[in-house]
Structure formats: structure tokens, C-alpha cells
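Participant: Numbering that gives the first Met the number 0 numbers the first residue of the sequence shown as 0 and each following residue consecutively. We treat Cβ as the ideally placed atom computed from N, Cα and C, and that holds for glycine. Predicted model, so just to flag it, every value in this text is computed and none were measured. Would you mind keeping the following structure in view while I ask a few things?
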Amino acid sequence: MEIKIVRQILEWNENCHLELQGLFDENKILMINIMGSPGGGKTTFITRLIEALRDEYNIGVIEGDVAGQVDAEKIQAMGIPVVQLNTDGACHIEAMSIKNILPYFDLKNLDIIIVENIGNLVCPAEFDIGEHLKIALLSVPEGDDKVEKYPLMFTRANALVISKYDMKNYFNFDDNRVISNAKRLNSELNIFKVNSSKGEGMEEIVEYIKSHIKK
């Protein structure tokens with residue numbers, strides 16, 4: 000008899016994912032899953048989102064890392080409630096981990112929860128964690144071939160943020176190649192080009208997120 004371990008894990012995760020979505024819907028919370036490679040600019044992007052949204056919305060953050068709490072400390076310094084999730088070697092966050100963290104937040108007083116997932120372009124794409132939006136970051140220094148190499152990430156994402164866009168000319172980065180390949184995988188993918196360090200290009204992605212909060 001074949002033991003389908005992976006299938007059982009994914010089904011269990013999916014049940015928890017749907018339970019979390021119901022909980023977030025009940026509390027009118029938009030949950031955003033930010034995914035991308037280490038050094039791709041996820042934390043800087045999140046801090047820019049916080050700066051742009053905090054005057055209108057109450058925000059909580061879950062910081063996922065294999066170890067450490069450096070990024071969580073940056074968020075905490077902004078006065079935002081944050082919980083550090085260390086996976087002790089696991090390459091992704093699962094829905095049950097999110098469920099176990101939620102008691103640390105006052106859900107009645109939150110409008111948005113942002114999750115910074117573990118840094119890679121493979122595992123996080125496979126696991127739903129209760130989110131309403133999946134945002135994938137691809138930084139210019141990573142190269143313009145990553146959509147072809149890691150298709151699932153861009154197939155499942157709702158939005159693609161090409162980060163560190165100000166470095167485009169230094170790395171011979173062909174954004175048309177990225178956009179063409181991404182749209183071939185996912186015709187409904189929303190694509191944004193940003194320089195998070197200076198906040199350039201953030202207006203469109205902020206309005207995109209606001210439109211989903213209103214829904």
C-alpha cells in the first residue's frame with residue numbers, strides 16, 4: 000500500500016488555510032503573504048507598505064525566518080505589533096504555524112496582517128497560509144531568468160513586484176522577458192516595478208492593496 004505522505008500534509012494544510020481565511024473574513028482582516036529570495040528586499044518593501052498604510056489601517060506583521068529576529072526588530076521599531084516565527088530549518092511557513100501565532104494579536108483591532116515568508120522561490124509557493132493575497136518579489140540582481148526557473152511562485156502569485164528596479168541598468172536585466180514569461184504562466188498577474196529603498200513606484204501597489212481591503 001502506498002503511503003502518500005506529501006498529499007496528506009497538503010490536505011491538512013489546506014483545511015487549516017480555509018479555516019484561517021474564514022477567521023480573517025469574519026474579522027475583516029486582509030492577510031498578505033510576501034514571498035521572495037533572501038536579500039530580495041522583502042523587509043524593506045514591507046516597511047514601505049507600513050509607512051503608506053498605517054495612517055488609515057491597523058497593521059500586524061508575522062516575520063518568518065529560519066532563525067534570528069533582525070527583521071522583526073525593524074518592524075517593532077516602527078511601533079507595529081510583530082511576532083517572530085522561527086522555523087528551525089524549515090524552508091516555508093505552514094498554515095498551522097499562523098494559526099498558533101494569532102492569539103498574540105488582537106484581531107478585533109487589525110485591518111491587515113502581513114506575513115514575510117521564508118526566503119526562497121520554491122517552498123513558500125506550495126503552501127497556502129490563510130492569505131488573501133500572495134505577493135512575490137523578484138529583485139533585479141537575481142536575474143531575469145527566475146520566472147522560467149521557478150514557475151510555481153509566479154503561477155500562484157496575485158502580484159509580482161520587481162524590486163530594486165533602480166539597479167536595472169547595472170545588471171542587464173530584461174524586464175520585458177520577466178513580464179512576458181510571468182504573464183504566460185499567469186495572465187491575471189499584477190506586476191509592479193519599485194525601488195523600495197527610496198519608495199519609488201510604491202503608489203500603485205499601495206492602491207492595489209487598498210482596493211482589496213475595500214473588498
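Report the rounded CA-to-CA distance for Ser-195 versus Tyr-164, giving the unit in angstroms.
Facilitator: Distance between the alpha carbons of Ser-195 and Tyr-164 is about 9 Å.
Participant: Taking the beta carbon of Pro-102 as the centre, do at least 16 other beta carbons fall within 10 Å, making it buried, or is it exposed?
Facilitator: Flag for Pro-102 reads exposed.
Participant: Can you list, in chain order, the residues of its chain whose CB lies under 6 Å from that of Leu-120, leaving out five sequence neighbours each side?
Facilitator: Ser-36, Tyr-149 and Met-152.
Participant: Does Gln-83 come out as helix, strand or coil in the three-state DSSP assignment?
Facilitator: Reduced to three states, the DSSP call for Gln-83 is strand.
Participant: Can you look up Ile-61 in the DSSP assignment and give me helix, strand or coil?
Facilitator: Strand at Ile-61.
Participant: Let's see if you can read the secondary structure: which residues bound the beta strand (DSSP E) around Ser-196?
Facilitator: Where Ser-196 is concerned, there is no enclosing beta strand (DSSP E), given that its DSSP letter is neither H nor E.
Participant: Can you tell me the Cα-Cα spacing of Glu-55 and Thr-154, whole angstroms?
Facilitator: Going from the Cα of Glu-55 to the Cα of Thr-154 covers about 31 Å.
Participant: In whole angstroms, what is the alpha-carbon distance linking Ile-111 and Phe-172?
Facilitator: If I take the Cα positions, the gap works out to 33 Å.
Participant: With DSSP as the reference, please indicate the residues paired to Asn-189 in a beta bridge.
Facilitator: Its beta-bridge partners are Ala-158.
Participant: Using only CA atoms, which one of Gly-118, Glu-203, Lys-209 and Glu-206 lies nearest to Gly-39?
Facilitator: When only C-alpha atoms are compared, the closest one is Gly-118.
Participant: In terms of residue numbering, what span does the beta strand (DSSP E) encompassing Glu-115 cover?
Facilitator: Segment 111-115, the beta strand (DSSP E) holding Glu-115.
Participant: Tell me which residues share the same chain as Lys-133 and place their Cβ nearer than 7 Å to its Cβ, disregarding the 5 neighbours each side in the sequence.
Facilitator: Excluding positions up to five away in sequence, the list reads Asn-32, Met-34, Arg-155, Ala-156 and Asn-157.
Participant: According to DSSP, is Leu-106 part of a helix, a strand, or is it coil?
Facilitator: Three-state DSSP puts Leu-106 in a helix.
Participant: Can you list, in chain order, the residues of its chain with a C-beta nearer than 8 Å to that of Phe-104? Leave out the 5 residues immediately preceding and following it.
Facilitator: Closer than 8 Å at Cβ, skipping near neighbours: Gly-59, Pro-80, Val-82 and Ile-112.
Participant: Can you grab the Cα-Cα spacing for the pair Ser-210 / Ile-204, in whole Å?
Facilitator: Going from the Cα of Ser-210 to the Cα of Ile-204 covers about 10 Å.
Participant: So, helix, strand or coil for Asn-99, using DSSP?
Facilitator: In the structure shown, Asn-99 sits in a helix (DSSP, three-state: H, G or I).
Participant: With a threshold of 16 other CB atoms inside 10 Å of the CB of Ala-94, please say whether the residue is buried or exposed.
Facilitator: So Ala-94 ends up on the buried side.
Participant: Which residues does DSSP list as the beta-bridge partners of Ala-89?
Facilitator: Ala-89 pairs with nothing; no bridge assigned.
Participant: Which residues does DSSP list as the beta-bridge partners of Ile-31?
Facilitator: Answer by DSSP bridge pairing, in chain order: Ile-113 and Leu-132.
Participant: Can you tell me which of Pro-140, Glu-206 and Gln-75 puts its alpha carbon nearest to the alpha carbon of Tyr-169?
Facilitator: The candidate whose alpha carbon is nearest that of Tyr-169 is Pro-140.
Participant: What's the gap between the Cα of Ile-208 and the Cα of Lys-41?
Facilitator: Cα to Cα, Ile-208 sits roughly 16 Å from Lys-41.
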